[in-house]
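So, in structure tokens, the structure goes:
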């Protein structure tokens with residue numbers, strides 16, 4: 089039984105905004121609950137995909153888990169150690185094992201440093217190594233991510249998107265990552281390069297026993313690379329289940345809508361059931377109580393707007409529905 | 006046969022890298038037509054030249070050397086105008102081995118000429134919408150005002166009140182919620198999807214004959230993307246607008262376009278009706294198109310081990326164009342019979358079926 | 142008419158062109174001149190300290206007063222007291238060299254420290270440092286210097302300390318803005334995620350790679366300014382006093398003889414001031430353009 093490498097319990101991250109970035113907010117000092125009580129676990133050598141649209145909090149979760157931003161409340165347990173309140177010095181030792189691949193391709197790459205200096209720094213950050221050991225390790229990394237040796241002398245702006253991504257991955261591997269939080273790793277890449285990167289990540293998982301939290305808005309890629317998929321909406325996980333069934337056996341109305349938008353892009357026929365989704369804007373402006381999805385939920389509307397959905401006391405929580413599947417809904421499909 | 010609304014012929018747009026002392030051949034001989042009322046999809050990855058093609062048509066290339074060769078025939082009011090008229094008076098090219106190696110261009114004169122020609126075309130006859138709608142709109146003006154500006158500039162309306170009414174109508178037509186409220190919003194107060202709708206309204210309010218949409222859905226959420234595509238489809242059927250749709254997302258291209266051109270390394274490698282070019286059956290296809298379709302993450306594209314079929318190598322860097330076929334170093338279908346030819350001779354576009362052209366030696370009879 | 146040409150069909154990665162080749166010729170000239178001046182200054186300082194002078198700068202020769210340059214034995218002539226001009230000019234550098242370095246050091250060191258804290262910590266630190274820095278900035282520098290002179294004797298080191306302090310706001314603002322700009326860039330966050338210690342991030346990634354041009358220029362400007370202030374004060378009589386030599390007081394005393402048509406005693410030190418300050422400014426300017434990669438002709 090593979091052990092759990094990461095467990096997140098009721099994690100919350102609230103931001104206080106002073107300016108009215110979101111027009112419509114009446115109060116100036118509004119607290120924005122980017123992540124509002126998220127719980128899940130990740131087993132070793134497993135990939136959990138996290139999907140959702142912009143603003144649902146998936147990037148914030150990644151950064152909070154790595155303690156790049158302090159959590160407001162909740163627990164983060166990495167490899168059986170509670171790191172929620174660990175001091176920065178203690179964390180420094182664990183930093184190598186939990187790493188992040190950033191959405192921005194140029195992240196992790198100081199534009200004034202050459203690739204070989206970037207990698208050398210990463211290799212030597214936790215250990216002192218002799219020059220020959222460093223070169224050997226560097227060659228290892230290059231082989232692992234299929235990067236040409238000639239790229240070592242280049243600056244980041246001289247690399248293609250795919251190459252930058254590989255350098256980022258190499259950097260993360262060099263510090264001994266076991267858990268990698270991949271934040272939109274394929275979004276900025278061309279389709280044909282995306283496939284390369286996805287294959288690379290799969291390979292690395294197989295050979296190095298890595299665990300991934302794969303955050304993406306690209307539903308298809310997430311489906312293919314993950315073992316389990318969690319769907320987020322406005323700071324909460326609304327559904328979590330096995331990847332191969334999340335598309336077909338979805339039980340939360342939002343999940344169904346999310347996946348059907350993929351099909352819509354391709355189909356030419358107008359479907360009556362799509363009319364129900366003519367919602368306005370995906371905005372954070374409307375204050376919510378109870379289920380966050382209620383204002384746009386077709387099931388809510390179809391059932392005559394039942395009170396149980398909007399009552400804050402009976403806000404739906406993730407409930408087991410068998411088959412390693414959990415849904416947070418009062419009227420699951 | 007009526008003349009097409011837009012006919013692009015032998016278009017070459019180059020840039021110059023002073024660091025490498027060489028040309029960046031972004032658009033290297035592109036030709037296509039768009040008939041009135043039709044939507045042509047331009048598919049390609051980064052570096053393929055699809056966006057530069059659109060910018061070349063609009064005369065928006067400002068870095069040297071820019072557009073150096075070609076004809077762009079645009080039909081307005083029954084007459085055909087060449088948007089690159091007089092180009093040869095400003096440019097001379099020379100080269101060896103069929104490859105342009107030197108360009109002499111009167112940059113200032115050419116800019117003036119382009120401005121003169123395009124002043125009446127931009128916005129009025131050809132409209133354009135861009136990727137990243139938030140950054141393409143003026144952040145200091147309410148969106149309603151920007152649409153009004155488009156109306157006042159490009160249509161016969163001169164009365165601001167009337168322009169305002171029309172702007173509101175357009176906001177309504179692009180299905181933005183509460184048009185009257187949104188009229189006064191600034192771009193930062195609108196979501197990506199709403200900004201894109203506003204930009205579509207702005208482009209169409211000028212009542213152009215042709216709409217160029219450059220990656221209109223990239224950067225938007227999945228659900229919003231499908232809404233924008235729905236909107237374009239509706240506007241298409243309601244107003245019969247002609248669209249040049251540029252994207253790397255094949256699903257939206259296939260949804261909206263009747264014909265498709267696949268670009269790679271600055272040239273069109275396959276060109277024809279979308280159901281043929283993007284069909285499931287992969288055999289009658291350019292190797293790049295086939296590989297591109299095969300690398301899309303979906304169920305049928307998985308190998309037995311659950312891997313995706315990636316294309317080996319990197320996208321072609323248009324500064325170093327090989328002799329012969331541009332796709333040769335990544336092509337998995339090259340056979341010994343044609344290998345020599347692939348390496349030394351660039352194949353021309355060859356018609357393999359009615360209206361379906363492929364640039365590949367595998368298909369030469 | 143612009144001509145673009147490519148020489149070969151195959152475009153390989155050209156060998157890296159070193160910075161100095163890519164630079165505008167004018168910038169190279171500036172830097173060359175600046176370095177020349179710096180060498181002269183440093184060399185003269187060392188010569189002066191070791192007393193390697195052609196003549197004793199205090200040596201009065203009443204027979205050879207105000208001799209023009211080129212007189213036998215005195216390359217640059219003599220001043221109104223017959224003292225060798227060259228020796229006096231060399232010794233004059235002593236007046237501002239070390240004090241100038243002090244001013245520069247204070248400005249850069251405290252400016253950087255405050256800028257880094259304000260930029261990196263933000264919040265209350267930022268507010269209080271900005272407040273303090275604005276306060277210092279609002280003081281008229283001349284008044285401050287005169288206060289120091291009044292309170293203590295006219296010690297050039299105290300004065301230069303004040304000059305350095307008054308330059309702290311500029312440096313700290315520049316550094317702070319650079320840091321704020323870089324903080325947004327993800328690579329700082331990525332560095333933290335990787336486990337790189339904060340000190341390394343600040344020293345290496347931010348300061349060394351991104352701020353060194355900025356600091357070099359501030360150093361050259363600071364030195365130029367220090368020279369100007371020292372010579373001005375000496376000219377006014379607040380700095381180095383006769384018979385010790387300072388370019389400023391040399392200009393002052395030589396000025397009395399301008400009416401007699403003897404312009405050399407005053408002009409020689411004035412020219413020295415001019416060319417030296419010009420040298421520092423051009424050095425800073427040229428280095429800035431080269432390091433920031435300004436292309437030829439732009």
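Chains as they are written, first to last, in the working numbering: chain A, 89 to 421; chain B, 6 to 370; chain C, 142 to 439.
The beta carbon of each residue, even a glycine, is placed where N, CA and C say it ideally should be.
The ligand GTP heavy atoms versus the CB of residue i: any closer than 7 Å?
| i | result |
| --- | --- |
| residue 175(A) | You won't find the ligand GTP in this model; it holds no ligand whatsoever. |
Helix or strand or just coil, what does DSSP make of residue i?
| i | result |
| --- | --- |
| residue 22(B) | strand |
| residue 133(B) | strand |
| residue 153(C) | coil |
| residue 381(C) | coil |
| residue 344(B) | helix |
| residue 408(C) | helix |
| residue 364(B) | coil |
| residue 207(B) | helix |
| residue 100(A) | strand |
| residue 166(A) | strand |
| residue 280(C) | coil |
| residue 119(A) | strand |
| residue 215(C) | strand |
| residue 164(C) | coil |
Using the C-alpha atoms, what's the distance from residue j back to residue i?
| i | j | result |
| --- | --- | --- |
| residue 97(A) | residue 18(B) | 56 Å |
| residue 203(A) | residue 212(B) | 50 Å |
| residue 196(A) | residue 304(A) | 19 Å |
| residue 264(C) | residue 129(A) | 35 Å |
| residue 113(A) | residue 195(B) | At residue 113(A), the pLDDT of 43 sits below 50, so the modelled position is not reliable and the matter cannot be decided from this model. |
| residue 272(B) | residue 85(B) | 25 Å |
| residue 256(C) | residue 310(C) | 9 Å |
| residue 194(C) | residue 171(C) | 29 Å |
| residue 166(B) | residue 331(C) | 53 Å |
| residue 126(A) | residue 146(A) | 10 Å |
| residue 283(A) | residue 306(A) | 12 Å |
| residue 436(C) | residue 422(C) | Bear in mind that a pLDDT of 49 at residue 436(C), under 50, signals an unreliable position, so the model cannot answer this. |
| residue 335(C) | residue 148(A) | 18 Å |
| residue 272(C) | residue 141(A) | 42 Å |
| residue 338(C) | residue 180(A) | 8 Å |
| residue 167(A) | residue 278(C) | 53 Å |
| residue 298(A) | residue 292(A) | 7 Å |
| residue 186(A) | residue 368(B) | 51 Å |
| residue 392(A) | residue 324(A) | 24 Å |
| residue 240(B) | residue 177(B) | 12 Å |
| residue 174(B) | residue 186(B) | 13 Å |
| residue 191(B) | residue 355(C) | 37 Å |
| residue 229(C) | residue 253(C) | 37 Å |
| residue 202(B) | residue 174(A) | 47 Å |
| residue 143(C) | residue 104(B) | 19 Å |
Using the DSSP secondary-structure output, state which residues sit across from residue i in a beta bridge.
| i | result |
| --- | --- |
| residue 129(A) | 95(A) |
| residue 349(B) | Per DSSP, none; premise fails for residue 349(B). |
| residue 109(B) | 97(B), 144(C) |
| residue 324(A) | 321(A) |
| residue 274(A) | Looking at the DSSP assignment, residue 274(A) forms no beta bridge with any residue, so it has no partner. |
| residue 14(B) | 76(B) |
| residue 415(A) | 327(A), 407(A) |
Quick one: measure Cβ to Cβ for residue i and residue j, integer angstroms, because I've assumed they're closer than 8 Å.
| i | j | result |
| --- | --- | --- |
| residue 324(B) | residue 29(B) | 5 Å |
| residue 234(C) | residue 305(C) | Contact flag wrong, Cβ pair sits at about 19 Å. |
| residue 205(B) | residue 236(B) | 7 Å |
| residue 349(A) | residue 231(B) | 4 Å |
| residue 276(B) | residue 332(B) | Incorrect: roughly 15 Å between the Cβ atoms, too far for contact. |
Worksheet item: Along the chain, which unbroken stretches of the beta strand (DSSP E) at least 3 residues long are found entirely within the region 308-350 of chain C?
Response: Given a length threshold of 3 residues, the region 308-350 of chain C has no whole run of the beta strand (DSSP E) inside it.
| message | List, from N- to C-terminal side, the beta strand (DSSP E) runs of 3 residues or more that fit wholly inside the region 171-251 of chain A. | response | Annotation note: the region 171-251 of chain A contains the following uninterrupted beta strand (DSSP E) runs of length 3 or greater, listed N- to C-terminal: 186-189.
Please list the segments of the alpha helix (DSSP H) lying wholly inside the region 36-97 of chain B, counting only runs of 4 or more residues, in order along the chain. Those alpha helix (DSSP H) runs which fall completely within the region 36-97 of chain B and span 4+ residues are 55-62, 92-95.
For this session: For the region 212-300 of chain B, list the alpha helix (DSSP H) runs that are entirely contained and at least 4 residues long, ordered along the chain.
Result: Uninterrupted alpha helix (DSSP H) stretches at least 4 residues long and entirely within the region 212-300 of chain B occur at 227-244, 255-261, 279-282, 292-299, given in chain order.
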